[in-house]
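Undergrad: After the structure tokens below, expect a handful of questions from me.
Numbering (the UniProt record's numbering), first residue to last: 1 to 182.
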């Protein structure tokens, strides 16, 4: 019987030590490859890209800004630009706003939206705040709500931006944009 317990203990310990915690991956790898292969002037530069900032902030930036950071100010020379983008967009790197010179916005997630996402999931946010026919966010929301909603759409593989004419927040599934298909 002792041998049985010993074997169970060994198997359990091997399982525990061999399990490496996987970094979260939200963003579609094909999207990252398209962004990484884009050359200046970047045709995908108008997309809102969300990265993790210091002090629990999130930063809305663009492809050119991330490219400039990769080329100069940031300490990520050991990885390819594609790997850098994958880590940054999947929220595995932390940036200070002074590392990004052309960022669009620094914000903190709205508690109500964060709780809704954690408790009810993305579909609840989508059902309440997204006009699927127009591919726009519903209007009349505070800035805190808007950026938090855009962040969760981004994490769920939507291209996020602002329509220049209407000023509406546009959120289109990546799979619906032909130029992003491999």
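Every residue gets a Cβ at the ideal spot worked out from N, C-alpha and C, and that includes glycine.
For residue 26 and residue 93, I'd like the C-alpha separation in whole angstroms.
TA: As a working note, residue 26 is residue 26 in the chain shown. As a working note, residue 93 is residue 93 in the chain shown. Using only the alpha carbons, I get a separation of about 14 Å.
Undergrad: Suppose contacts are defined by Cβ-Cβ distances below 7 Å. Is residue 48 in contact with residue 160 by that definition?
TA: As a first step, residue 48 must be located in the chain shown, where it is residue number 48. As a first step, residue 160 must be located in the chain shown, where it is residue number 160. Result yes, Cβ atoms of residue 48 and residue 160 sit closer than 7 Å.
Undergrad: Check for me: the beta strand (DSSP E) holding residue 171 runs from which residue to which?
TA: Stepping through the chain shown from its first residue, residue 171 is reached at position 171. Counting along the chain, the beta strand (DSSP E) containing residue 171 begins and ends at 169 to 173.
Undergrad: Once DSSP output is grouped into helix, strand and coil, what is the label at residue 116?
TA: Reading the chain shown from its first residue, position 116 is the one you call residue 116. Here residue 116 sits in helix by DSSP.
Undergrad: Output the boundary residues of the alpha helix (DSSP H) element that contains residue 152.
TA: The residue labelled residue 152 in the question sits at position 152 within the chain shown. Where residue 152 is concerned, the enclosing alpha helix (DSSP H) stretches over 143 to 155.
Undergrad: Take every Cβ of the stretch 69 to 84, pair it with every Cβ of the stretch 114 to 126, and state whether three or more of those distances are shorter than 8 Å.
TA: no
Undergrad: Hey, how far is the Cα of residue 91 from the Cα of residue 165?
TA: Position 91 of the chain shown holds residue 91. Position 165 of the chain shown holds residue 165. Using only the alpha carbons, I get a separation of about 31 Å.
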